[in-house]
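Novice:
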Amino acid sequence: VLVGALRTPATATAKAYGAADVAKEMCCEFFAPTLLLFLSGFCIGGALERQGLSRRLAAVVLKPFGTRPEGILFGLMFLGFFLSMWISNVPAAVLCTSLAQPIFEQLPKGDPFEKALLLGIAFGNNVGGMTTPIASPQNVVAFDWLEKVGAGVTFLTWMLLAAPFCSVMLFVAWKVVLTLYHPGIKRIELHSKADADKKDEPLNVKQWTTLVLTVATVCAWSFWVPLGLEKYLGAMGLVGIIPVASFFCLGILPKEDFNTRINWSVLILIGGGLSLGRLMQRSKLLDVLSMALQAKLKGASFWVVLLAVAAMMAFCGNFASSAVIAMITLPVIAQVGKSFGRPAGLIVAATLMNTGAMGLPVSSFPNSNSFAFLRPGGMSGHYLSSDDYVRCGGLITTIALPVMVTVGYATMCAMGY
């Protein structure tokens with residue numbers, strides 16, 4: 007389909023653009039620098055888990071939240087939020103549910119806190135999936151379009167644009183989950199004596215190497231522009247190759263993990279989305295859709311455009327994967343934002359609202375991951391139902407819209423986007 011759509015015959019001013027040219031251009035998208043960001047996030051998450059650093063991090067992060075269920079819920083949500091920033095919300099969600107397993111063993115059967123934990127982990131990772139360009143697949147697609155329209159958004163800029171909205175939404179999600187699923191249990195012990203003893207062991211060489219490479223990579227991403235790294239490395243995604251190669255060469259990750267721990271299906275999905283975006287751009291379909299939408303919004307203020315786009319993403323994002331919705335809609339939204347002279351604000355806002363749509367199990371990977379969590383032993387069935395997502399996630403999505411057009415809009419204006 008792509009080859010057929012992009013092939014063009016020779017003209018008086020241009021040579022023929024044949025199947026071989028199209029194939030090269032489309033295949034390049036499957037190894038785009040922005041896709042390498044996500045690949046490195048998977049490997050960093052795998053290395054942290056392989057070396058036992060994720061459990062140590064969980065112990066440090068959750069310790070201040072005490073033993074009350076309310077505090078532990080917020081702690082797990084914050085942990086997912088924080089991990090998603092650096093390793094994406096795909097592995098972070100899986101990691102959080104595994105760390106929560108000992109808590110489920112302490113809960114009485116039927117305690118509402120069972121559902122609260124799983125929903126909190128899903129929603130905490132969803133909000134964390136908004137925070138950086140590598141935090142979720144849809145962010146990778148959005149970051150690619152920000153580069154294509156020349157919006158001048160860096161890794162650090164994205165974090166600053168998203169931080170106020172995400173901070174509010176993390177608190178909102180916590181309060182909504184607690185209100186709808188108030189825990190019956192009063193006290194929970196987080197760690198066994200064996201876990202505590204292991205936590206006090208000194209870090210070995212591989213663990214220190216993993217930490218240094220992870221911190222150095224994150225710093226390079228965050229301070230890409232101030233450090234002037236582009237003239238040396240060319241693209242931000244190439245920085246991620248350094249920890250990937252190092253982890254496998256130094257034995258921090260075994261070679262088997264290259265096939266099993268890296269989610270290649272997600273990476274191929276992103277590559278396909280980037281190729282689809284290139285098709286829309288080269289075939290001029292993007293211009294046609296953009297002009298039609300601009301005509302509908304002619305004379306409207308940017309705030310009204312933001313409200314319309316945010317409402318559309320909040321609705322559509324519930325019924326399909328956020329990554330797929332981003333691949334379909336962001337090319338058009340990028341062109342509309344460019345016509346208003348504010349592409350960065352509109353692209354980032356649309357992406358955040360897309361991720362903020364969490365009203366069904368299919369809305370995001372963290373939602374699907376929590377929904378797939380089964381009761382142990384002979385107690386068959388899921389902890390969660392679709393009604394739980396509609397009831398709880400739908401309410402959070404509804405609240406996210408006014409937060410975006412107030413807090414989100416104010417942040418954009420303050421930063422000049």
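With my numbering applied, the sequence shown covers 7 to 423.
Cβ atoms here follow ideal geometry from the backbone N, Cα and C, with glycine treated the same way.
1) Distance check for G257 and I127, CA to CA, integer angstroms please.
2) Let me know the secondary structure DSSP gives L380 once reduced to three states.
3) Any contact of the segment 183-198 with the segment 106-122, i.e. 3+ C-beta pairs under 8 Å?
4) Output the boundary residues of the alpha helix (DSSP H) element that contains G72.
5) Just how far apart, CA to CA, sit I191 and P114?
6) If we count the other Cβ atoms within 10 Å of its Cβ and call it buried at 16 or more, is W151 buried or exposed?
7) Starting from the Cα of P337, find the closest Cα among A363, N324, D393, M297 and give me that residue.
8) Using the C-alpha atoms, what's the distance from G400 back to Y415?
9) Tell me the residue span of the alpha helix (DSSP H) that contains N360.
10) Expressed to the nearest angstrom, what Euclidean distance is found between the alpha-carbon atoms of Y395 and V250?
11) On the criterion of 16 or more Cβ atoms from any shown chain inside 10 Å, does S104 qualify as buried, or is it exposed?
12) Just checking my contact of L59 with L85 at CB under 8 Å: how many whole Å lie between their CB atoms?
13) Name the DSSP bridge partner or partners of H388?
14) In its own chain, which residues sit with a C-beta less than 6 Å from the C-beta of G384, not counting the 5 before and 5 after it?
15) How many angstroms separate the CA atom of E153 from the CA atom of L380?
16) Where does R397 fall in DSSP's three states?
17) Taking A168 as part of the alpha helix (DSSP H), name the residues at either end of that continuous run.
18) Entirely within the segment 95-154 and at least 3 residues each: give me those beta strand (DSSP E) ranges in chain order.
19) Using the Cα positions of Q300 and M359, report the straight-line distance between them to the nearest angstrom.
20) Under 8 Å, do S392 and L366 count as touching if we go by C-beta distance?
21) Is it buried or exposed, W180, if we count other Cβ atoms within 10 angstroms and call 16 or more buried?
22) Which class does S281 belong to by DSSP, given the choice of helix, strand or coil?
23) For P372 and N132, what's the separation of their Cα atoms in angstroms?
24) Measuring CB to CB, does M83 end up less than 8 Å from F129?
25) When DSSP labels each residue in this structure, what does Y423 get in the three-state scheme?
26) Are the beta-carbon atoms belonging to A326 and V368 less than 8 Å from one another?
27) Once the 5 residues before and after A157 are set aside, which same chain residues still bring their CB inside 6 Å of it?
28) Looking at C-alpha atoms only, which residue of M136, A332, A65 is the closest neighbour of F161?
29) In terms of residues, what are the limits of the alpha helix (DSSP H) holding E207?
30) I need the boundaries of the alpha helix (DSSP H) containing L235, first residue and last residue.
31) Beta-carbon within less than 7 Å of Y423's beta-carbon, same chain only, minus the 5 sequence neighbours each way: which residues are those?
32) According to DSSP, is G246 part of a helix, a strand, or is it coil?
33) To the nearest whole angstrom, what separates the beta carbons of T216 and Q57, a pair I think is in contact under 8 Å?
34) Can you have a look at Q107 and say buried or exposed, based on whether 16 or more other CB atoms are within 10 angstroms of its CB?
35) Assuming contact is defined by CB atoms lying nearer than 8 Å, are P170 and V413 in contact in what I supplied?
Specialist: Working from what's here:
1) CA-CA distance, I127 to G257, rounds to 31 Å.
2) Reduced to three states, the DSSP call for L380 is strand.
3) Yes, the segment 183-198 touches the segment 106-122.
4) For G72, no alpha helix (DSSP H) encloses it, and the DSSP letter there is neither H nor E.
5) About 8 Å.
6) By the 10 Å Cβ count, W151 comes out buried.
7) Of A363, N324, D393, M297, the residue nearest in Cα terms is M297.
8) Rounded to whole angstroms, Y415 to G400 spans 22 Å at the Cα level.
9) First-last of the alpha helix (DSSP H) with N360: 349-362.
10) Taking the straight line joining both Cα atoms gives about 36 Å.
11) Its Cβ having fewer than 16 others within 10 Å, S104 is exposed.
12) Not a contact, Cβ separation roughly 13 Å.
13) According to DSSP, residue pairing for H388 in a beta bridge involves L380.
14) Unreliable positioning characterises G384 in this predicted model, as indicated by a pLDDT of 45, which lies under 50. The coordinate reading is nonetheless provided below. Taken in chain order, the list of residues that qualify is empty.
15) The alpha-carbon atoms of E153 and L380 are separated by roughly 41 Å.
16) Note: R397 maps to helix in three-state DSSP.
17) Counting along the chain, the alpha helix (DSSP H) containing A168 begins and ends at 161-186.
18) For the beta strand (DSSP E) assignment, the segment 95-154 encloses no uninterrupted run of at least 3 residues.
19) Near 20 Å, if we compare the C-alpha coordinates of M359 and Q300.
20) Inclusion of S392 and L366 in the CB contact set at 8 Å is warranted, their separation being smaller than that value.
21) Here W180 is buried. Its C-beta has 16 or more other C-beta atoms within 10 Å.
22) Helix at S281.
23) Cα to Cα, the separation comes out at about 6 Å.
24) Yes, the Cβ-Cβ distance between M83 and F129 is below 8 Å.
25) Coil, per DSSP.
26) The answer is yes: Cβ separation under 8 Å.
27) Excluding the 5 residues flanking it on each side, A157 has same chain C-beta neighbours closer than 6 Å at P349, A350, in chain order.
28) Minimum Cα-Cα distance from F161 among the listed residues M136, A332, A65 corresponds to M136.
29) First-last for E207: undefined, no H or E at that position.
30) Here L235 belongs to no alpha helix (DSSP H), and DSSP marks it neither H nor E.
31) Cβ within range, chain order: L167, R348, A350, G351.
32) Of the three classes helix, strand and coil, the one that applies to G246 here is helix, per DSSP.
33) Taking the Cβ atoms as the reference, T216 lies roughly 5 Å from Q57, within the contact range of under 8 Å.
34) Exposed, by the Cβ-count rule.
35) Yes; because the gap between Cβ atoms is below 8 Å, this pair is in contact.
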